[in-house]
Amino acid sequence: MITVHTLGTGSGKPTPERNVSCTAVFREGELVLFDCGEGTQTQIARSQLRPGVIQVICITHFHGDHINGLPGLLGTLQLNQRTEPLTVIGPKGLKQYLQTLSRLNILGVGYGLNLIEVTEPGVVYEGNGYAIATERLRHRVPCWGYRMFEPPRPGKFNLEQARALGVPAGPMFGRLQRGEAVTLEGGEQIQPEDVLGPARPGLALAYCCDTQPCDGAVRLAGGADLLIHEGTYGPGEEKLAHARGHSTMLDAARTARDAGVRELIITHISQKYTRIEGFAKKVREVFPQAHFARDLNVFELKYNA
799 MITVHTLGTG
809 SGKPTPERNV
819 SCTAVFREGE
829 LVLFDCGEGT
839 QTQIARSQLR
849 PGVIQVICIT
859 HFHGDHINGL
869 PGLLGTLQLN
879 QRTEPLTVIG
889 PKGLKQYLQT
899 LSRLNILGVG
909 YGLNLIEVTE
919 PGVVYEGNGY
929 AIATERLRHR
939 VPCWGYRMFE
949 PPRPGKFNLE
959 QARALGVPAG
969 PMFGRLQRGE
979 AVTLEGGEQI
989 QPEDVLGPAR
999 PGLALAYCCD
1009 TQPCDGAVRL
1019 AGGADLLIHE
1029 GTYGPGEEKL
1039 AHARGHSTML
1049 DAARTARDAG
1059 VRELIITHIS
1069 QKYTRIEGFA
1079 KKVREVFPQA
1089 HFARDLNVFE
1099 LKYNA
């Protein structure tokens, strides 16, 4: 299971109701952050998450509400005596940005920083049992969306077949389930495909923020279990949203529908909307499995059978 924590769900500037952009994904004891707006470390402290397990931070673009929290968070990790290297992914210019902060003595870290600048679509990072890929989005400045995905999982273990082939219960069962061949006492070799069903897909989620509707977002989210997509403006505000490089909530629903995702989380909601319940009916007419994020919400992604 993967849990998704919407730490900051507003756009532009923080308010008491909504902090600015940051979404955390917790998987197998590791945290991956998508964007790091002002106040992210405060939101982490308010959540059930531990900053020490952050492995990767993915920055979409250099607008302040998506990156202004990064120096403070990196500094806090230093104060917490972090020693493990940290990967930060972002647009071209990321290295210069952090080097400038270091040169001005604004930021100093003693742990390793693996800085990856995104210059073209494709896989940019491979972690422990997952990978991260990027696609270009359509905003007023260079902006990248991210897809975090797992490789296919082994098929279901056929216990009856394993017993019929003479595989003894115990460690050999586990090895076969992990995709390893085993050798029986009589010398016969049993292959994983002898006792496993068809491979099952791993989990995948996409993060698209900020962008107006574009093919890159649909490609990035294609077939994903979850799409986290900006919905800065309400339905009917398409002209204004697109002129500013953003999407409406209906745009997000259309992207989710066209990409064939299982669920949609709408985030990066304009601070001018104090109530959004009235938008839900129109949005869910386009994509029924749409959720409107609020700060510190937690969503679960579970494997299909």
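Each position in the sequence shown, counted from 1, maps to that position plus 798 in my numbering.
Backbone N, C-alpha and C define an ideal beta-carbon position, used for all residues, glycine too.
- Message: Do His1027 and Thr1053 count as a contact pair if the criterion is CB distance below 7 angstroms?
- Response: At a Cβ-Cβ threshold of 7 angstroms, Thr1053 and His1027 count as neighbours.
- Message: Since Ile800 and Arg816 should fall inside the 8 angstroms C-beta cutoff, what is the C-beta to C-beta distance between them, to a whole number of angstroms?
- Response: Between Arg816 and Ile800 the Cβ distance is about 23 angstroms, and since that is not below 8 angstroms, they are no contact.
- Query: Which one or two residues does DSSP pair with Thr885 in a beta bridge?
  - Reply: Val854, Asn912
- Query: Taking Cβ positions, are Cys820 and Thr838 nearer each other than 7 angstroms?
  - Reply: yes
- Give the DSSP bridge partners of Arg951, in chain order. Arg998
- Pick helix, strand or coil for Thr840, following the three-state DSSP scheme. helix
- Query: Per DSSP, which one or two residues make a beta bridge with Gln987?
  - Reply: Note: Gln987 sits in a beta bridge opposite Thr981.
- Message: Could you tell me the alpha carbon to alpha carbon distance between Lys890 and Gly984, rounded to whole angstroms?
- Response: If you draw a straight line from the Cα of Lys890 to the Cα of Gly984, it is about 59 angstroms long.
- Message: Can you check which of these residues, Ser900, Thr813, Val993, is closest to Gln959 by C-alpha distance?
- Response: Val993
- Determine the burial state of Glu1098: buried for a count of at least 16 other Cβ atoms within 10 Å of its Cβ, exposed for fewer. exposed
- To the nearest angstrom, report how far apart Thr981 and Gly964 are at their CA atoms. 11 angstroms
- Measuring CA to CA, which of Gly1032, Phe1085, Glu1061, Leu1062 is closest to Arg1073? Gly1032
- Message: Three Cβ pairs or more, each shorter than 8 angstroms: is that satisfied between the segment 945 to 960 and the segment 920 to 935?
- Response: yes
- Contacts around Lys1100, its chain only, beta-carbon distance under 7 angstroms, and the 5 residues preceding and following it disregarded: Met799
- Message: If contact is defined by three or more beta carbon pairs under 8 angstroms, each pair taking one atom from either stretch, is the segment 1032 to 1052 in contact with the segment 1006 to 1023?
- Response: When C-beta atoms of the segment 1006 to 1023 are compared with those of the segment 1032 to 1052, three or more pairs fall below 8 angstroms, so the two segments count as touching.
- Item | Selection from Pro883, Leu899, Leu892, Pro919 that minimises the alpha carbon distance to Gly908 | Pro883
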